[in-house]
Amino acid sequence: MKDLTGILLVNKPPGPTSHDMVGMLRRITGVKKIGHAGTLDPFANGLLICLIGRGATKKSDEFMHMDKEYVAVLSLGVETDTYDREGKIVKEYGEVDMGEVQKKLPEVLNKFIGTIMQEPPMFSAKKIKGKKLYELAREGKTIKRTKVPVEIASIEVLDIDTTKSQIILKIACGSGTYIRSLAYDIGRTLGVGAYLEELERTRIGQYLLKDAMLLEGCTKEDIKKNCVIPDSLS
0 MKDLTGILLV NKPPGPTSHD MVGMLRRITG VKKIGHAGTL DPFANGLLIC LIGRGATKKS
60 DEFMHMDKEY VAVLSLGVET DTYDREGKIV KEYGEVDMGE VQKKLPEVLN KFIGTIMQEP
120 PMFSAKKIKG KKLYELAREG KTIKRTKVPV EIASIEVLDI DTTKSQIILK IACGSGTYIR
180 SLAYDIGRTL GVGAYLEELE RTRIGQYLLK DAMLLEGCTK EDIKKNCVIP DSLS
């Protein structure tokens, strides 16, 4: 098992960090050289590509730069400091007119298609002068962040829940996109505020969530059977 090399498509549940999932894999397989290709926030769930063995971890950039697809639930009427449900409420807009939101939504979403300039959230692992933004945020500091170009290929409305003041979107985007920042910016453009309530990653490049495995209760043999060796590793 220690010679195992390849990628494993993991279905991360809400709760554990991406690093926790790597730790679980190390315990199951006995392989120390394991990494992942793209962090999912603890509250998020979905596809996490885990890289097993030195040959795979060396190729991490190849997987990191693949385009991604998400299903995101946005709660309207409130903003939080983290731009998601885990944060502290910093602004409340009052009752949301969902009829007005439905009217404005197609035009608003269209503004976010293509290359957009996006500001990373303060609660993120992005580094400024060698220090992670979330470390500064926990110290109560807010740093001016430089906007960076990100690519949004498409945004599709899957559902609008008028009783919960929520919209559910399917988002296809390039690497480096912060869906939390996108949710915040969509809320601001709608004029009602928003934060990310739920997030599921459904695709990374050609790899799909439906082909991923849950690690809970799995064995070394399960890992070996489900490990994929892409052409770039063969």
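Numbered per numbering that gives the first Met the number 0, the sequence shown spans residues 0 to 233. Ideal Cβ positions, reconstructed from N, Cα and C, are used throughout, including at glycine.
Inter-residue Cα distance where the pair is residue i and residue j
{"i": "Lys57", "j": "Cys217", "result": "26 Å"}
{"i": "Met0", "j": "Ala36", "result": "For Met0, the predicted model reports a pLDDT of 48, less than 50, meaning its position is unreliable and no value from the coordinates is stated."}
{"i": "Pro41", "j": "Glu85", "result": "10 Å"}
{"i": "Thr162", "j": "Ile228", "result": "46 Å"}
{"i": "Ala55", "j": "Asp210", "result": "19 Å"}
{"i": "Val100", "j": "Leu108", "result": "11 Å"}
{"i": "Gly93", "j": "Gly76", "result": "6 Å"}
{"i": "Val30", "j": "Lys219", "result": "10 Å"}
{"i": "Phe62", "j": "Glu106", "result": "33 Å"}
{"i": "Cys49", "j": "Asp96", "result": "43 Å"}
{"i": "Lys11", "j": "Glu155", "result": "23 Å"}
DSSP state of residue i mapped onto helix, strand, coil
{"i": "Ser265", "result": "Any answer about residue 265 is impossible in this case: the structure gives the chain only from 0 up to 233."}
{"i": "Glu68", "result": "strand"}
{"i": "Asp83", "result": "strand"}
{"i": "Tyr258", "result": "This structure leaves residue 258 out entirely; the chain is present only between 0 and 233."}
{"i": "Val227", "result": "strand"}
{"i": "Leu8", "result": "strand"}
{"i": "Lys219", "result": "helix"}
{"i": "Asp239", "result": "This structure cannot settle anything about residue 239, because the visible part of the chain is limited to 0 through 233."}
{"i": "Lys209", "result": "helix"}
{"i": "Met0", "result": "Per-residue confidence for Met0 stands at a pLDDT of 48, beneath the threshold of 50, marking its modelled position as unreliable; no derived number is given."}
{"i": "Thr188", "result": "helix"}
{"i": "Ile112", "result": "coil"}
{"i": "Gly236", "result": "Since the displayed the chain opens at 0 and closes at 233, residue 236 lies outside it and no answer follows."}
{"i": "Gly175", "result": "coil"}
{"i": "Gly34", "result": "strand"}
Opening and closing residue of the alpha helix (DSSP H) in which residue i lies
{"i": "Gln101", "result": "97-109"}
{"i": "Thr28", "result": "17-28"}
Closest by C-alpha distance to residue i, when choosing among the options
{"i": "Gly173", "options": "Arg25, Met212, Met116, Tyr183", "result": "Met116"}
{"i": "Thr145", "options": "Tyr177, Ile178, Pro119", "result": "Pro119"}
{"i": "Ala43", "options": "Leu50, Asp158, Met20", "result": "Met20"}
{"i": "Val9", "options": "Gly175, Leu213, Ala152, Ile33", "result": "Leu213"}
{"i": "Asp160", "options": "Asp66, Ile88, Leu73", "result": "Leu73"}
{"i": "Thr79", "options": "Leu208, Ala182, Gln205", "result": "Ala182"}
{"i": "Ala171", "options": "Thr81, Lys103, Asp66", "result": "Asp66"}
Distance between beta carbons of residue j and residue i, contact taken as under 8 Å
{"i": "Leu189", "j": "Ala71", "result": "Not quite, the Cβ-Cβ distance comes to about 14 Å (not below 8 Å), so this is no contact."}
{"i": "Tyr69", "j": "Ile222", "result": "That belief does not hold up - the Cβ atoms of Tyr69 and Ile222 are roughly 26 Å apart, past 8 Å."}
{"i": "Arg202", "j": "Leu46", "result": "7 Å"}
{"i": "Phe111", "j": "Ile151", "result": "5 Å"}
{"i": "Thr176", "j": "Pro148", "result": "With 8 Å as the limit, Thr176 and Pro148 do not qualify as a contact, their Cβ atoms being about 10 Å apart."}
{"i": "Lys90", "j": "Gly192", "result": "6 Å"}
{"i": "Leu104", "j": "Ile51", "result": "Actually they do not touch by this definition, with Cβ atoms about 42 Å apart."}
{"i": "Ser180", "j": "Tyr82", "result": "6 Å"}
Residue i - containing beta strand (DSSP E), residue span
{"i": "Arg200", "result": "193-203"}
{"i": "Ile170", "result": "165-172"}
{"i": "Pro148", "result": "147-160"}
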